[in-house]
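**Student:** Residue numbers (the UniProt record's numbering), protein chains in the order written: chain A, 1 to 353; chain B, 1 to 353. Think of the CB as a built atom: it goes at the ideal place given N, C-alpha and C, for glycine as much as any other residue. A quick note: this is a predicted structure, and the numbers were derived from the prediction, not measured. Below are the structure tokens for one structure; questions will follow.
There are 2 protein chains.
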Amino acid sequence: MNRFIVSSISKGIRHYSTSKAVKYSQFGNAGQVLKVVQEEVNENLQPQEVLIEMIHAPINPVDFNLASGTYGFQPKLPSVAGSEGVGVVKKVGSKVQQLKANDLVVPVISSQVVGTWRTKGVFNEKQFHKVPSDIPAEYLASVSINPTTAYRLLEDFVKLQAGDVIIQNASSGMVGLSVIQMAKAKGVKTINVIRNGADHDEQVELLKGLGGDIVVTEDYIRTQAFQKLISDLPKPKLALNAVGGLSATELARILADNGTLVTYGGMSREPVIIPTSHLIFRNIQSKGFWLNNWYSSHTEAERQEMFDKIFTMIRSKSLKLYIEKHKFSDFESALIRSQEPGKGRKILLDLQL
Amino acid sequence: MNRFIVSSISKGIRHYSTSKAVKYSQFGNAGQVLKVVQEEVNENLQPQEVLIEMIHAPINPVDFNLASGTYGFQPKLPSVAGSEGVGVVKKVGSKVQQLKANDLVVPVISSQVVGTWRTKGVFNEKQFHKVPSDIPAEYLASVSINPTTAYRLLEDFVKLQAGDVIIQNASSGMVGLSVIQMAKAKGVKTINVIRNGADHDEQVELLKGLGGDIVVTEDYIRTQAFQKLISDLPKPKLALNAVGGLSATELARILADNGTLVTYGGMSREPVIIPTSHLIFRNIQSKGFWLNNWYSSHTEAERQEMFDKIFTMIRSKSLKLYIEKHKFSDFESALIRSQEPGKGRKILLDLQL
């Protein structure tokens, strides 16, 4: 380290700049623990380091869970918030191999959260991977967590074929909307459960417009009318749950025999409850999906294959993402907006504004 | 049919006899709907039929569920009760291939419940399979449901190796006792949860005597002391649940990451409740096991292989079954006795007494 500094000084290239970042030094409610701060950035890169200027970063539920210390791991404090986003490489260290200046990059999702809610930062090159420049930056910013989760949910649990049916709750979240579109591309029909709410008609229109075959509320799936509505369809082989509690129980009931319930979120903060008879007599299986776990247990080639397929869908407009952009200078109001239920759009920070 | 009767009469071999049987004509509480009746047995066998004299039959929880109409299927009424037992073949039809007179036989478990609580009956030969005569009849009577379930629970869900640990509740039931002994034979350690009850010391002695490594009560597994007790052991890869409710939740919590909870019973009548975080972050899976499903989806050769292994364990005394025999003439008191909790012994009807 000393040697490096000396050598840098001798070459006269010691550079420091400042970055605006959202940091937290203790776990708690995001609105209270997240602080916008100015940080010094040491642009004198170590051999494996890259300097990245962040362009856009979304506000995801995971960011609230990380800040509250209730996620699957706890980041080291103090920590810069933000799990995904898109940036541009400004400068690379002497031994960086996979990235070069001007590359667009997104973070590799891992328990080393990169902290994307900042204007720029220095990272190990392994923390980011390159993405193509013909995809809109807003899409690149939002692609690493939600569309990838949707992709894996449809690939990794049940072998789905055209004509099969799946059911999901939280259908108007970005994972849910991606599931609808990816299922449609496979010829798989979707039963989409949305929460009971004031924006009901708007949501139904959005989900049906994207190809959702059936869109119903949490209340409606408990009715006889719903049973009649789905009576023409094959029973669902796969149920995707991001809610828990009674909602998950209903999904399990609606599943076909030998069906699988996959839980990837727990918005109700209630556990997954499955009557014993469904487990034993109907062979319903209940599993979980954690994207971090997928990233850490798969190769770069497997990751690249997934991203290539998602980018192909984006290019052909068979995958649309719904985004609402806010200036970084309006961070506090963007944070509040992101917690409003049923907004149907991902809140994105425009980090250079 | 007409031709057969005529031909039988012409040969002068029309035989009818009587059988004592426990039947039900409506679904309800076993004590109320089960009736001991005399039935006529037509001993003039169809080509595929066999006449079987029943020797012993146990009273299993499944028999109560069938009588109450709450099992995975409903038998056609009126129905003779009793799902397993052992009998001896007295006579075979002209085209019977796999059985002959004097063979000892046990029923093939299926949704065509044979009704073993009777002194004799006429069955299709496919409803029974032959068992060896060197195994005590009491063991043969009890082997088709509980030891087979234990065997499958240890074989079909997680690849277990010597040194691995499993955890189970309902450990003093016949499935639980069989699990302890079969696990011990594999070098797999067992954590055995029993209900809080008056016969605590007796149960601990029994379970430890059979090779149970740790025996604890439902209350105790929620304590710090329990965490300390198991801290030297690898975490369990497999949890076996026949209780549900809080008991199942505790098993899930104690499981190692990537562990599997298998539910094969629901004595508490409460559902299986798993916190979302265990599904997502710890990749806990929850599945069910139904023996009927196993029988119907596997070949005779696979079934035979399982029985051969179980009989080998019985012969070497590495599998003991705990049985309490009651005369068929004392059926009502045997039925009551079978519902007493924590008796640690299977109630068996001696059908010829």
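Taking C-beta to C-beta, are B:S268 and B:G288 nearer than 7 Å?
**Tutor:** Residue numbering aside, residue 268 of chain B sits at position 268 when the second sequence is read from its first letter. Residue numbering aside, residue 288 of chain B sits at position 288 when the second sequence is read from its first letter. Contact flag unset, no.
**Student:** What are the boundary residues of the beta strand (DSSP E) that A:S17 is part of?
**Tutor:** Here residue 17 of chain A is taken as the residue at index 17 of the first sequence, counted from 1. Y16 to Y24 is the extent of the beta strand (DSSP E) around A:S17.
**Student:** Under the rule that 16 or more other beta-carbon atoms within 10 Å means buried, what is B:S17, buried or exposed?
**Tutor:** If you number the second sequence from 1, residue 17 of chain B lands on position 17. Looking at its Cβ environment, which holds fewer than 16 other Cβ atoms inside 10 Å, B:S17 is exposed.
**Student:** Within its chain, find whatever has a CB closer than 7 Å to the CB of A:L353; leave out the 5 residues flanking it on each side and keep chain order.
**Tutor:** Along the first sequence, read from residue 1 onward, the residue named residue 353 of chain A stands at position 353. K327, F328 and S329.
**Student:** Please state the DSSP three-state secondary structure of A:F123.
**Tutor:** Counted from its first residue, the first sequence places residue 123 of chain A at position 123. A:F123 falls in the strand class under three-state DSSP.
**Student:** Could you tell me whether any Cβ in chain B is nearer than 7 Å to the Cβ of A:L291?
**Tutor:** For the purposes of this step, residue 291 of chain A is taken as the residue at position 291 of the first sequence. So no, A:L291 is outside the interface.
**Student:** Report the neighbours of A:Q285 on chain B: residues whose CB is nearer than 9 Å to its CB, in chain order.
**Tutor:** On the first sequence, residue 285 of chain A is found 285 positions in, with the first residue counted as 1. Q285, S286, K287 and G288, listed in chain order.
**Student:** Any residues in the region 229-252 of chain B with a beta carbon nearer than 7 Å to a beta carbon of chain A? Which ones, in chain order?
**Tutor:** Answer set for the region 229-252 of chain B: G244.
**Student:** Check B:S318 in the structure and name its three-state DSSP category.
**Tutor:** Reading the second sequence from its first residue, position 318 is the one you call residue 318 of chain B. Three-state result, B:S318: coil.
**Student:** The ligand SAM and B:V131: does the residue's C-beta get closer than 6 Å to at least one heavy atom of that ligand?
**Tutor:** Among the ligands in the structure shown, none appear at all, so the ligand SAM cannot be discussed.
**Student:** If I measure Cβ to Cβ from B:S303 and keep anything under 8 Å in the same chain, skipping five residues before and after, which residues do I get?
**Tutor:** As a position in the second sequence, residue 303 of chain B is number 303, starting the count at 1. In the sequence as displayed, the identity of residue 303 of chain B is Arg instead of Ser. Closer than 8 Å at Cβ, skipping near neighbours: V108, H129 and Y295.
**Student:** Can we say the region 25-36 of chain A touches the region 69-77 of chain A, given the rule of at least three CB pairs closer than 8 Å?
**Tutor:** As far as the Cβ criterion goes, the region 25-36 of chain A touches the region 69-77 of chain A, which means the pair count is three or higher.
**Student:** Restricting to Cα atoms, I'd like to know which of A:N60, A:I55, A:I254 and A:P132 is closest to A:Q224.
**Tutor:** Mapped onto the first sequence, residue 224 of chain A falls at position 224. Out of A:N60, A:I55, A:I254 and A:P132, A:I254 has the C-alpha closest to the C-alpha of A:Q224.
**Student:** Answer with yes or no whether the minimum CB distance from B:P275 to chain A is below 7 Å.
**Tutor:** Here residue 275 of chain B corresponds to residue number 275 of the second sequence, with the count starting at 1. Output row for B:P275: interface = yes.
**Student:** Pick helix, strand or coil for A:I221, following the three-state DSSP scheme.
**Tutor:** Position 221 of the first sequence, counted from the start, is the residue given in the question as residue 221 of chain A. It is helical.
**Student:** Please return the same chain residues whose Cβ sits closer than 8 Å to the Cβ of B:R345, not counting the five positions on each side in sequence.
**Tutor:** Sequence index remark: in the second sequence, residue 345 of chain B carries index 345 (1-based). The residues are Y322, I323 and E324.
**Student:** Identify the contact partners of B:F281 in chain A, using a Cβ-Cβ distance below 9 Å as the criterion.
**Tutor:** The residue labelled residue 281 of chain B in the question sits at position 281 within the second sequence. Here the neighbours are Y71, G72, F73, G288, W290, N292 and N293.
**Student:** Against chain A, does B:T263 count as a neighbour if the rule is that its beta carbon must be under 7 Å from one of theirs?
**Tutor:** What you label residue 263 of chain B is simply residue 263 of the second sequence in a count that begins at 1. It does; some Cβ of chain A falls within 7 Å.
**Student:** Rounding to the nearest angstrom, what Cα-Cα distance links B:S333 and B:S79 in this structure?
**Tutor:** Sequence index remark: in the second sequence, residue 333 of chain B carries index 333 (1-based). Sequence index remark: in the second sequence, residue 79 of chain B carries index 79 (1-based). Computed Cα separation, rounded: 21 Å.
**Student:** Quick one: give me the first and last residue of the beta strand (DSSP E) that B:A239 is part of.
**Tutor:** On the second sequence, residue 239 of chain B is found 239 positions in, with the first residue counted as 1. Unbroken beta strand (DSSP E) run through B:A239: L238 to N241.
**Student:** Can you list, in chain order, the residues of its chain with a C-beta nearer than 6 Å to that of A:V243? Leave out the 5 residues immediately preceding and following it.
**Tutor:** For this step, residue 243 of chain A is matched to residue 243 along the first sequence. Taken in chain order, the residues that qualify are N169, A170, M267 and S268.
**Student:** Any beta-carbon of chain A closer than 7 Å to the one on B:G173?
**Tutor:** Here the question's residue 173 of chain B lines up with position 173 in the second sequence. Cβ-Cβ to chain A under 7 Å: no for B:G173.
**Student:** Going by the CB atoms, is the gap between B:V50 and B:L104 shorter than 7 Å?
**Tutor:** Position 104 of the second sequence, counting from 1, holds the residue named residue 104 of chain B. Position 50 of the second sequence, counting from 1, holds the residue named residue 50 of chain B. Cβ atoms of B:L104 and B:V50: not closer than 7 Å.
**Student:** Give the interface partners of B:V272 over in chain A, defined as CB-CB distance under 7 Å, in chain order.
**Tutor:** Counting from one through the second sequence, the residue named residue 272 of chain B turns up at place 272. Within chain A, the residues near B:V272 are I274, T276 and L279.
**Student:** Can you find a C-beta in chain B that's less than 7 Å from the C-beta of A:R3?
**Tutor:** Stepping through the first sequence from its first residue, residue 3 of chain A is reached at position 3. At A:R3 the pLDDT is 44, less than 50, meaning the model places this residue with poor confidence and gives no usable figure here.
**Student:** Between which two residues does the beta strand (DSSP E) containing A:M54 stretch?
**Tutor:** As a position in the first sequence, residue 54 of chain A is number 54, starting the count at 1. Segment E49 to P58, the beta strand (DSSP E) holding A:M54.
**Student:** Among residues of its own chain, excluding the 5 on either side of B:G173, which ones have a beta-carbon nearer than 7 Å to its beta-carbon?
**Tutor:** Along the second sequence, read from residue 1 onward, the residue named residue 173 of chain B stands at position 173. A242.
**Student:** In chain B, which residues lie with their C-beta within 9 Å of the C-beta of A:G266?
**Tutor:** If you number the first sequence from 1, residue 266 of chain A lands on position 266. Those are P275, T276, S277, L279 and I280, listed as they occur along chain B.
**Student:** For A:A248 versus A:H278, is the C-beta distance shorter than 7 Å?
**Tutor:** Walking along the first sequence from the start, residue 248 of chain A turns up at place 248. Walking along the first sequence from the start, residue 278 of chain A turns up at place 278. No, the pair does not count as a contact, with Cβ atoms beyond the cut-off.
**Student:** Considering Cα atoms alone, identify which of B:P234, B:D308, B:S144 and B:L207 is closest to B:L291.
**Tutor:** The count along the second sequence starts at 1 and reaches residue 291 of chain B at position 291. Of the candidates B:P234, B:D308, B:S144 and B:L207, the one whose C-alpha sits nearest the C-alpha of B:L291 is B:S144.
**Student:** At 3 residues or longer, and completely inside the region 265-323 of chain B: list those beta strand (DSSP E) runs for me, N to C.
**Tutor:** Those beta strand (DSSP E) runs which fall completely within the region 265-323 of chain B and span 3+ residues are 272-274 and 285-288.
**Student:** Which residue spans inside the region 40-112 of chain A form an unbroken alpha helix (DSSP H) run of at least 4?
**Tutor:** Qualifying alpha helix (DSSP H) stretches, in chain order: 61-68.
**Student:** Measuring alpha carbon to alpha carbon, tell me which residue in B:L206, B:P236 and B:H200 is nearest B:K189.
**Tutor:** Taking the first residue of the second sequence as 1, we reach residue 189 of chain B at position 189. Comparing Cα-Cα distances from B:K189 to each of B:L206, B:P236 and B:H200, the minimum goes to B:P236.
**Student:** If distances are taken between C-alpha atoms only, which option among A:K159, A:L160 and A:Y139 comes closest to A:D350?
**Tutor:** Within the first sequence, numbered from 1, the residue matching residue 350 of chain A stands at position 350. The shortest Cα separation from A:D350 among A:K159, A:L160 and A:Y139 belongs to A:Y139.
**Student:** Helix, strand or coil for A:T190? Go by DSSP, reduced to three states.
**Tutor:** Residue mapping note: residue 190 of chain A aligns to position 190 of the first sequence, counting from 1. Here A:T190 sits in strand by DSSP.
**Student:** Who are the near neighbours of A:E250 in its chain, counting only those whose CB is closer than 6 Å to its CB and skipping five residues on each side?
**Tutor:** If you number the first sequence from 1, residue 250 of chain A lands on position 250. For A:E250, where only same-chain residues beyond five positions count, the Cβ hits under 6 Å are I221.
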